[in-house]
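K.L.:
Structure in structure tokens, see below.
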Amino acid sequence: MRIATSTLFNVSRSGLQKHSVDQARLQEQLSTGKRILTPSDDPIASARVLTINQSASINTQYSTNSDSADSALRTTESTLSQVISVIQDVQTLAVNAGNPSLTVSEKKMLDSELQGRYQELLGLANGTDGNGVYLFSGFQNSKPFTETSYGNVTYNGDEGQRLIQISSGRQIPVSENGVDVFQRIKNGNGTFITAVAGNNGAVPTATNKGSGIISPGEVVDPSKWNAVTNKDVRVQFYWQANTADSTKPVITYDLIDNTTGNSLIDGTATAGHTSGPRAYVDGGDIEFKQLAGEVAVPAWDYGIKTSVSGTPVEIDPLTKAPAATTGNPPVANTAGAADSFSIKASTNVDLFTTLGNFTAALTSYTTDGAGKGQAAFQNQLNGVMQSLNNALNSVLTTQASIGARMKETESVQNTTEDLKLQYQKTLSTLEDLDYNAAISDFAMNQMLLDATRSSFSKVQDLSLFKYI
């Protein structure tokens, strides 16, 4: 059989090219550690690698988002911890201020410290994260709180919460709005508020002249309180002279609907009354419901109660009897209306207003021989302390919510890391080179390449010209 020299050269050249290309490919695989260098190496595996890389990229972004969310939540949580510390400091000031032995000047000294806490609180409310983003402005990125006057602050943000996508199915809130944290705080006990009231039910700074101090009260049956349509009532005290002992007047009280002016207990109009249907017991329960033996149509029950301690009647410090109020010179009355306290549904009061009210109580405090100055102050202080307690609970609730979100973010971060490892493992199975097989193939291909070169060299010597 005769074979053309050109054919021998072409066959040898093709062999050299093939083994050279294979060797170069094996060398690149060994240097990169990857089995698949181009999609044509393994089309099915290449398609899976592309899909997994896309999923891994998204997972990496979620991991970055989770880190950002965790950082934002930790900054807010830390700021709220400082807010809690300020509130607790103010509560301590309130407890100290309640000491009846403190003088007017000493109470004003407490106010100086209080104003420092107020400015600290305002600074925290306008706090930012490491990127200059305000923590409590909702969706806005403008200064959330502006002080118009001491105790009066305007909120400039909104009620939104910024969200960060930390997984395919979860957007987590990473900010708070100032309304929920600092402004949407119930006064009183959270359901209703007790306070000093005028005989007409108004709530001025102080109108009572006795030493009566009302408690915050409590809810006995929430369903009954919620069913009440008119939640504007008052406890009205009366006194009658005690002929046996002028220093121990007979004190009674009525529960009055401020809208109608009628007694809740017996339904009668109370204008001009000088006595009430119930006897006053110092510190005893004042229940807003029909008691045994009382007749009212229809029967009623507000589901709440409170109590008053002290003497809710103006007492003359000299005679120790009810103060003379009429005539010139004044002539002691034998009976009359005395102190009154209002009960109204709780409303929202912001934390800055509460601190402003505290300052007002400290700076308006006066002393007198009958203890009514301390009573007026204590009634104001009780309201402040209730609002502070509610504010503390509100901030603690927000902080707990942030803590839950931090835990959720941590859980998502762990899941993200697990997915990252799983993706890496799957990619390794699809892409990574089997070094033992590759080195063996490289050696085999090198041997074939050497053999091809050797045979090509011998083919080159097959020429008739060498024999001429």
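If you're matching positions, the sequence shown starts at 144 in the working numbering and goes up one per residue.
Note that CB positions come from ideal geometry on N, CA and C, so glycine has one too.
1. How about the stretch 194–203 and the stretch 226–243: do they share at least three Cβ pairs that are nearer than 8 Å?
2. Is the stretch 310–319 touching the stretch 535–554 in the sense that three or more CB pairs, one from each, lie closer than 8 Å?
3. Going by the beta-carbon positions, is the gap between Q304 and N208 smaller than 8 Å?
4. Taking all protein chains shown into account, decide if Q529 is buried (16 or more other Cβ within 10 angstroms of its Cβ) or exposed.
5. When you compare each of V296, N242, D232, T219 to F520 by their alpha carbons, which one comes out closest?
6. Where does E457 fall in DSSP's three states?
7. Between the C-alpha atoms of T337 and D210, what's the straight-line distance to the nearest angstrom?
8. Enumerated in chain order, which unbroken segments of the beta strand (DSSP E) with a length of 3 residues or greater are wholly contained in the stretch 231–293?
9. Quick check: what's the CA-CA separation for N299 versus D254?
10. Please state whether DSSP places Y508 in a helix, a strand or coil.
11. Please list, in chain order, all residues of the same chain as E290 whose beta carbon is under 6 Å from its beta carbon, the five residues on each side excluded.
12. What does the alpha-carbon distance come out to for the pair T509 and S280?
13. Can at least three beta-carbon pairs, one atom from the stretch 369–377 and one from the stretch 475–491, be found at a separation below 8 Å?
14. Going by DSSP, what residue range makes up the alpha helix (DSSP H) through N369?
15. Could you pull out every residue in the same chain whose Cβ sits closer than 7 Å to the Cβ of L236, ignoring the five residues on either side in sequence?
16. Just to confirm before moving on: does the CB-CB distance between G427 and G353 stay below 8 Å?
17. Does the distance from the CB of Y277 to the CB of K286 come in under 8 Å?
18. When you compare the CB positions of F380 and Y445, do they come within less than 8 Å of one another, or not?
19. Which whole-angstrom value is the C-beta distance of N448 and V363, which I expect to be below 8 Å?
20. Taking all protein chains shown into account, decide if N500 is buried (16 or more other Cβ within 10 angstroms of its Cβ) or exposed.
21. How big is the Cα-Cα spacing for D400 and G259?
22. What three-state label does DSSP hand Q197 in the structure shown?
23. Roughly how many angstroms lie between the CA atoms of E553 and D561, to the nearest whole one?
P.N.:
Taking the geometry as given:
1. With a cut-off of 8 Å, the stretch 226–243 and the stretch 194–203 do not count as touching, because too few Cβ pairs lie within range.
2. By the Cβ criterion, the stretch 535–554 is in contact with the stretch 310–319, since at least three pairs of Cβ atoms, one from each stretch, lie closer than 8 Å.
3. One-based indexing of the sequence shown puts residue 304 at position 161. One-based indexing of the sequence shown puts residue 208 at position 65. Contact flag unset, no.
4. Looking up residue 529 in the sequence shown gives position 386. In the assembly as shown, Q529 is a buried residue. Its beta-carbon has 16 or more other beta-carbons within 10 Å.
5. Taking the first residue of the sequence shown as position 1, residue 520 is located at position 377. The candidate whose alpha carbon is nearest that of F520 is N242.
6. Looking up residue 457 in the sequence shown gives position 314. Coil.
7. By one-based count along the sequence shown, residue 337 stands at place 194. By one-based count along the sequence shown, residue 210 stands at place 67. If you take the alpha carbons of T337 and D210, they lie about 47 Å apart.
8. 288–292
9. As a working note, residue 299 is residue 156 in the sequence shown. As a working note, residue 254 is residue 111 in the sequence shown. Distance between the alpha carbons of N299 and D254: 28 Å.
10. The residue given as residue 508 occupies position 365 in the sequence shown. Note: Y508 maps to coil in three-state DSSP.
11. Residue mapping note: residue 290 aligns to position 147 of the sequence shown, counting from 1. Excluding the 5 residues flanking it on each side, E290 has same chain C-beta neighbours closer than 6 Å at V296, in chain order.
12. Within the sequence shown, residue 509 is the residue found at index 366, counting from 1. Within the sequence shown, residue 280 is the residue found at index 137, counting from 1. Answer to the nearest angstrom: the Cα atoms are 40 Å apart.
13. In the pairwise beta carbon analysis, the stretch 369–377 is classified as touching the stretch 475–491: at least three pairs are separated by under 8 Å.
14. Within the sequence shown, residue 369 is the residue found at index 226, counting from 1. Annotation: the continuous alpha helix (DSSP H) that includes N369 extends over 365–370.
15. Taking the first residue of the sequence shown as position 1, residue 236 is located at position 93. The answer, listed in chain order, is L253, E256, L257.
16. As a first step, residue 427 must be located in the sequence shown, where it is residue number 284. As a first step, residue 353 must be located in the sequence shown, where it is residue number 210. Cβ atoms of G427 and G353: not closer than 8 Å.
17. Mapped onto the sequence shown, residue 277 falls at position 134. Mapped onto the sequence shown, residue 286 falls at position 143. Taking 8 Å as the Cβ cut-off, Y277 and K286 qualify as a contacting pair.
18. The residue you call residue 380 lines up with position 237 of the sequence shown. The residue you call residue 445 lines up with position 302 of the sequence shown. Going by C-beta atoms, F380 is not nearer than 8 Å to Y445.
19. To locate residue 448, count along the sequence shown from 1; it is residue 305. To locate residue 363, count along the sequence shown from 1; it is residue 220. The identity of residue 448 in the sequence shown is Lys, whereas the question assumes Asn. Yes, K448 and V363 are in contact; Cβ-Cβ is about 6 Å, under 8 Å.
20. By one-based count along the sequence shown, residue 500 stands at place 357. N500 counts as buried, since no fewer than 16 other beta carbons sit within 10 angstroms of its beta carbon.
21. Locating residue 400 in the sequence shown gives position 257, counting from the first residue. Locating residue 259 in the sequence shown gives position 116, counting from the first residue. Answer to the nearest angstrom: the Cα atoms are 41 Å apart.
22. Numbered from 1 along the sequence shown, position 54 holds the residue referred to as residue 197. Looking at Q197 - three-state DSSP - the assignment turns out to be helix.
23. Translated into positions along the sequence shown, residue 553 becomes position 410. Translated into positions along the sequence shown, residue 561 becomes position 418. Approximately 12 Å between the Cα atoms of the pair.
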